[in-house]
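Q: Chains as they are written, first to last, in my numbering: chain A, 1 to 618; chain B, 1001 to 1493. Ideal Cβ placement from N, Cα and C applies to all residues, glycine included. Starting off with a structure, shown below.
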Amino acid sequence: MSRHVLLLLLLLSVLTPEATQAKRPLHPDVLLRDDSGTPVLDSGRPVSTARSCGECHDTAWIATRGAHADLGLGPKTPLFDPVVYAFLDAEQSRDPAAVQGWLAAVDGRHAGGAFAERVGGELDCLVCHLADPDDGARRRALTEGATEWAITATLAQTGLVEPDGEGWRYRGSRFTDEGKAPATRLGLTRPTDESCGQCHGRVEGPEHRAFVHLPTDRHPRTETTGVIVSPARMSDSAQNLRGKTGLSRPWDVHAERLLGCATCHAAPNDPTRVAVAEDDRPEHLRARARSPRLEEFLRRPDHDFGASPRCESCHAAERVHEWLPYRERHLQKLECASCHVPRVHGAARKVTDWSVPSPTGEPRLEYRGAQGDPGDPATLIEGYEPVLLPRRDAEGRERLAPHNLMATWYWVDDATQRPVPLPALRRALYRDDVVHPVLAPAFDADGDGHLQEGERRLDTPEKEEALRERLRAVGVESPSLRAELRPYALNHGVAPRAFSTRDCESCHGPASRLARVFPVADFLPSGLVPTLVEDTGARLSGGLERLEQGALVLRPTPEQAGVFLLGASRRDWVDAVNRWALLLVISGVVLHGGLRLVLHSARQRAATLARPAEEESR
Amino acid sequence: MRQSPSLVLALVLVLVVVLGTALVQSQKPPRPTVDDPWSRMPHRAAHFDHSTFFADVAGELETGPDVTRACLRCHEDAAHEVMRTSHWSWTGDHVERDGETVAIGKKNLLNNFCISIESNWPACTTCHAGYGWRDADFDFSDPTRVDCLVCHDTSGQYRKKGGGAGLPADDVDLLAVARSVGVPTRDNCGRCHFNGGGGNAVKHGDLDGSMYFPHENVDVHMGRHDFLCQDCHQTRDHELPGRSMSVSVSNTNRVRCTDCHDDTPHGHDRLDAHTATVACQTCHIPYMAVRTPTKMQWDWSKAGEDRPDADPHEYLKIKGEFLYEENVAPEYAWYDGRSTRYLKGDRIDPTSVTPMNEPIGDVDDPDARIWPFKVHRGMQIYDTEYEYLLAPKTYGEGGYWKDFDWDQAARLGAEASGLDYSGSYGFAPTRMSWPLSHMVAPVEEALQCIDCHGPGGRMDWQALGYGVDPATGGGRFLAPAALAGSRTEGGAR
C-alpha cells in the first residue's frame, strides 16, 4: 500500500505544473502523416515531412533553399567527394540506382530532398530538428535501400516507433489521444551543434570533455581539417596531444562562448537577427525596427545557410587591434582566421590515394599532424600549422586564409569524364580479394597474392600500364589517372586571443609562415603532380616542388601571395637603391667632413700668417 | 648677436621632431593597465635564529606557560596583542539579542558538525591558541596562558594533547621547540585550520592537508608561488585579517583578492564586467576539496548503532552517518559579505531545513556578488518541546561518545550552554554555508563561459533571481533601454 502511495506522490511531483512547464517544448504536438496525408497511425506507412511539417511550414519552399538538399549539384557542377569517393553528376542524378549508390557511398550523410526523392528520400526535417534523432537508424534506411522509411527511422529514439521487418511500426500508446506525436517526445527545436555534427564534423558538448577522436569519414570536416568543435578545454580531452597541459584553450572559442553552429549559420530571415543587424539601414537610424513577422519566418524559415558568415558581422576587428601596427593593412590582407586559427591540434588528411584501393575499397591515406597512425589512440597528435593561401571571398576581396591541402589521386574514364566506379576498380584489381593474376607480376612483390600497403603504390610504369589494361578489360573505355589538390579552409577551431598569433616574427621574419614549406604528399602515384581544383576561391601562393626523396611540397612566397612582407620579402631594386643611398650618405659625410677639415686647416694657416703682421701694426 | 640661418633651421627641425613625436604619442591609445599583484605583496620578516636562546631557563621549561613567560621577557606586548584577537577569545562580532549586545564566535555558537564547544571544551580547545581552557571558567586575562609555540614552532615537533584543553603533549621537548621559533609556516596554521571539524578536510572544503605542500592545481598561490598563509592574511601585531562566515556575520576585517589584484584584472571587457557581479572565487575556485574528500553531510540521528563493517568515512557509532565528496563543484549564492546566524535558543521549524548561517544578498543588492559555497547538510539534535537546537555534551564523562545516551548528553550540554532542556529531543535538518576562498586554481583551470551559461551550466539563474541566463537576457545592471542593445553588446553582468 505504502509503495503505491509513494508511486502516486512521485507521479504527482512529476506532473506538477512547474515540472511539466519546464520540460514542455514550445513546439506543439504533431500529427504525423504519410505521403497521402493520412495519419500514419491509421495507414502504418512511412512519415512524410512534406505532409506532416508541411501543414504549418512551407516545406516545398524550404526544400528549394540552401544546399542541404541538392548540395549544389548542377548541370556542370557534379558532386565529387574524394574523402569517400562519392560521385554524382546531373545525368546520374536522374538514375535511381546511381542515386542509391551515391547515398551508400556517403553513408547516408544527406538530409534528403532534391535528387534523393527519386528513391523516396524526402527532405528530412527531423534529423536536424529533433532533440534526439536516431541518425544511425536513418542512415541504415538510406544506405540499405529502405529510403522511404528514413524519416520514420529518425524517430527511433523518441520511442514512437519500433522496427518491424524492413520497415517500422508505430507505437500508438505513446501518441496523444488525438493521435499526435507528443511534443515532449519529439522535442522539436532549433538545430544544436550535435545536429550539425551528425554529418559535418566531430562535435562534442561540454558534458563530454574527455573524448578521444579517431579518424573516420563519418566526420568529413574533421577528417579534412583536423578541427573538432567543442567548448571543452583541449587539456581536458583524452587526446594524446603534444604540449597538452599547456593547451588550456577550448577546441573552439565560439563554442566555449555559447555560440552554436546556428548562431553564425543562421536563417537569413530570422527576425531575431535581422532586428539587430546594422547593415542595410538608413544612416539616421540606430537600429532597424522592421523585421519579418514571426509567423512569416515560421512559415518560411530560409534554410539558405550557404553564404559564408563573416567574422566582421559580429566582430569589430579594427577596435580591438590597437596594438597591431599597420592595422588596416593587416585587416586588408589577412582573414581573421589567419591569426586566430594559428594551429590545428588534430590530424588531417594529407593524401587520399584511390589509385590502388584495398580489396575492401579503402584508399591509401596519409595524415598530417600525427606522429604515426592517427587511428591509434596512443599516437601523439602534434597538430599542424595551416598553410596561408590567398582566397577570394564573396565580395571579391583576396585575403590570406588558413587551409589544409589534401591531394587525391583517382582513375577517371576520359570518355565520360567520370571517376571510375569503385566496384569496377576493385574488379580490375582483385579476384576474390586476391590480386588479379594479370597484375600480380607488377604489383605482388612478395608473391603472397595479397597487396600490402607498400605494394599498393603506383610507383612503376609497369604497374600503371598493367592496371590501365585491367581497367579497360572491366569496361572502362579510356582510363587515366587524375591528381588534384583540394584546399580546405579553416574557419572553425578558432583559438582564444591568448592562443592566437600575436608575434610579428611569425610572419615578418626569416622563418615567415608565408614562406614556410608545406608538405603535400610523401609519395606521388605515377609521379603525377596534383593540380589545385578550381572554383574554391583559393589559389596557391607558391610552386609545388618535388624533393629528392620524391615527396611533394608547396614552397610559398609572400610575393606570390600578393604581399610585400617587411622582414621577409626582398626586392632587388629596393636593395640597390638602399645600397646607393647608403653609399651616397657615407660619401656625403666624408666629403663634408673632409671639406671642413681642409677649410679648417686653411683658416689656421691664414690666421698664423696674419698674426705677425697684426703684432707689427700694434 | 646675429644667428646663422643654419642654426635656426636646425633648431626648427629639432622642434618639429620633438613636437611631432609628442603629438604622435598623445594620439596613441593608452597602454592597458597591468595587473601587478607582486608589487602589493608584503615583505616577509627574516627568520631570527632563537637556537641559542633560553639557556638561562633551559631546565625550567616544563609547561607551556613556562615557555610563554620566557618569550614575554623580550616580546613584552606579544601576549596582550594575541589576547585581543579572535584566535584567543574565539569571539569576534557582536549581535543584538533581546536588546542586549552579545559577542558571538566559536566560543558560543552552534554548528552542524560537532555542534558546540560548550561542555566539550577539553576536546575542542585542542586548537585554542592557549593553554588549559577546559571549562567555562577559563581565565582569558592571563597572558601566560597564551600559546606562542602553536603558531611559531618551526621544528615540526610541537603538538597539543588530544582532549588536553590546549596543553602540549607530554612528550614535547619544549626547549627544543622554543629554540626553533620563527615565522609561521603552512604547517602551523594548517594543524588547526586544515583539521577543522575533527579531522583532515572535514569542515572547510577549501582547507585541508593537501595544502601543506600543494601542487599548483590544488592552490596556485601556494603551489606555484610558494605562498605562506600570512602572505594574504597580512598580520600586524598578531592581528590577522580574515573572517569565517561560520562564526561571524559582518563584512569587516576581510582578506580580499583585490588586496593584491586589480578589481578588473582580465584585460578583457566582458570578463572584467563580471567582477561587478561575480566574486573572483566563483570562477577561480571551480572545485573544492580538490584532492581530499570533504564532509558534505552528517546525520547525527543514526549514531549509536553497531555497524562493525562500516567504512569510518561513512559511519561512526559515535557520530552517525556521513557523506564525503572529492573535487566537488560548489553551490552558488548571492553574498554581500554579511550573513545571518542561528543563535542559541532561536526557534526552529523541525520540518524544514534550518539554516545555521545564510549569506545575505540578492540580485538587486549592488554590493552582493555570486559566491561559491560549500554547503554542509546536517541532521542534529533539538528540543522537541522548546523547538530549538541543543548543544549536546559529546566528549568526556557523561558525554554521548562514551555512554551513547542522547538524553543525558542533551541535559548535560544544556546545563553547560545555559539552555533549558524539556527532556524530549529529536533530530532536525540543518544547513551551513562555507564561502570558499582557498584552493584557487591556476588561471588555466578557471571556469569558462560554458561552465555557467548555456544549457547544462552550473548556475541556477532563476534561483539567483534572473529571468533567464544573463548571457542572453542581459545582466542585472542593464537599464531596460539598454536591453535591446544587449543582444549586440553581450556581456553577463
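(1) Measure the CB-CB distance between residue 635 of chain A and residue 247 of chain A and report whether it falls below 8 Å.
(2) Does any C-beta atom of chain A lie closer than 8 Å to the C-beta of residue 1450 of chain B?
(3) What whole-angstrom Cβ distance do residue 111 of chain A and residue 103 of chain A have, given they're in contact under 8 Å?
(4) Going along chain B, which residues have a C-beta under 7 Å from residue 237 of chain A?
(5) Check each residue of the stretch 1448-1475 of chain B: if its Cβ is closer than 9 Å to any Cβ of chain A, include it; give the result in chain order.
(6) Who does residue 361 of chain A pair with in a DSSP beta bridge?
(7) For the alpha helix (DSSP H) that residue 150 of chain A lies in, which residues bound it at each end?
(8) What is the residue span of the beta strand (DSSP E) that residue 40 of chain A lies within?
(9) Between the C-alpha atoms of residue 261 of chain A and residue 305 of chain A, what's the straight-line distance to the nearest angstrom?
(10) Looking at the strands, I want to know which residues DSSP matches up with residue 86 of chain A.
(11) Do you know how far the Cα of residue 410 of chain A is from the Cα of residue 446 of chain A?
(12) Sort B:1201, B:1263 and B:1243 by Cα distance to residue 1295 of chain B and report the nearest one.
(13) Note down, in chain order, each residue of its chain lying with its Cβ closer than 6 Å to the Cβ of residue 398 of chain A, except the 5 sequence neighbours on either side.
(14) Residues in the same chain with beta-carbon distance under 7 Å from residue 379 of chain A, minus the five sequence neighbours each way, listed in chain order, please.
(15) According to DSSP, is residue 1091 of chain B helix, strand or coil?
(16) Among all the DSSP beta bridges, which residues are the ones paired with residue 553 of chain A?
(17) Is the beta carbon of residue 1414 of chain B sitting closer than 8 Å to the one on residue 1420 of chain B?
(18) How should residue 1285 of chain B be labelled, buried or exposed, when 16 other C-beta atoms within 10 angstroms of its C-beta is the threshold for buried?
(19) Could you check the C-alpha separation between residue 375 of chain A and residue 202 of chain A for me, to the nearest Å?
(20) Which of the three DSSP states, helix, strand or coil, is assigned to residue 1245 of chain B?
(21) Between which two residues does the beta strand (DSSP E) containing residue 170 of chain A stretch?
(22) If I follow the unbroken alpha helix (DSSP H) through residue 1324 of chain B, where does it start and stop?
(23) Quick one: list the residues of chain B neighbouring residue 206 of chain A, beta-carbon separation under 7 Å, in chain order.
(24) Who pairs with residue 1380 of chain B in a beta bridge, going by DSSP?
(25) Let me check understanding here. Comparing Cα to Cα, which of B:1118, B:1297 and B:1088 lies closest to residue 1432 of chain B?
(26) Listing by chain order, which chain A residues have their CB less than 9 Å from the CB of residue 1062 of chain B?
(27) Is there a Cβ of chain A sitting closer than 8 Å to that of residue 1444 of chain B, yes or no?
(28) With 16 as the cutoff for other CB atoms within 10 Å, does residue 1374 of chain B come out buried or exposed?
(29) Taking the alpha carbon of residue 1153 of chain B as the reference point, which residue from B:1281, B:1014, B:1048 and B:1233 has its own alpha carbon closest?
(30) Along the chain, where does the beta strand (DSSP E) containing residue 1333 of chain B start, and where does it finish?
(31) Consult DSSP for residue 1230 of chain B and reduce its assignment to one of helix, strand or coil.
(32) Between residue 382 of chain A and the rest of its own chain, which residues show a CB-CB distance below 7 Å, the 5 nearest in sequence each way excluded?
(33) By Cβ distance below 8 Å, which residues in the same chain neighbour residue 1161 of chain B in space, the five residues on each side in sequence not counted?
(34) Can you look up residue 401 of chain A in the DSSP assignment and give me helix, strand or coil?
(35) On the three-state DSSP scale, how would you describe residue 525 of chain A?
(36) Please name the residue, chosen from A:131, A:145, A:286 and A:150, that lies closest to residue 137 of chain A on a Cα-to-Cα basis.
A: By the coordinates alone:
(1) Residue 635 of chain A lies beyond the stretch modelled for chain A, which goes from 1 to 618, so this question has no answer here.
(2) yes
(3) Not quite, the Cβ-Cβ distance comes to about 11 Å (not below 8 Å), so this is no contact.
(4) Those within 7 Å of residue 237 of chain A in chain B number zero; the least Cβ separation is about 14 Å.
(5) 1448, 1449, 1450, 1451, 1453, 1454, 1455, 1456, 1457, 1469, 1471 and 1472
(6) Residue 361 of chain A pairs with nothing; no bridge assigned.
(7) 150-154
(8) Premise fails: residue 40 of chain A lies in the alpha helix (DSSP H), 40-43, not in any beta strand (DSSP E).
(9) 10 Å
(10) A:81
(11) 25 Å
(12) B:1201
(13) 390 and 392
(14) 240, 370, 371, 372 and 373
(15) coil
(16) A:519 and A:545
(17) yes
(18) buried
(19) 15 Å
(20) coil
(21) 167-170
(22) Careful: residue 1324 of chain B lies outside any alpha helix (DSSP H), inside the beta strand (DSSP E) at 1320-1325.
(23) 1450 and 1456
(24) B:1428
(25) B:1297
(26) Here the premise fails: no neighbours, minimum Cβ distance about 53 Å.
(27) yes
(28) buried
(29) B:1048
(30) 1331-1335
(31) helix
(32) 242, 369, 370 and 371
(33) 1126, 1167, 1168, 1169 and 1170
(34) strand
(35) helix
(36) A:150
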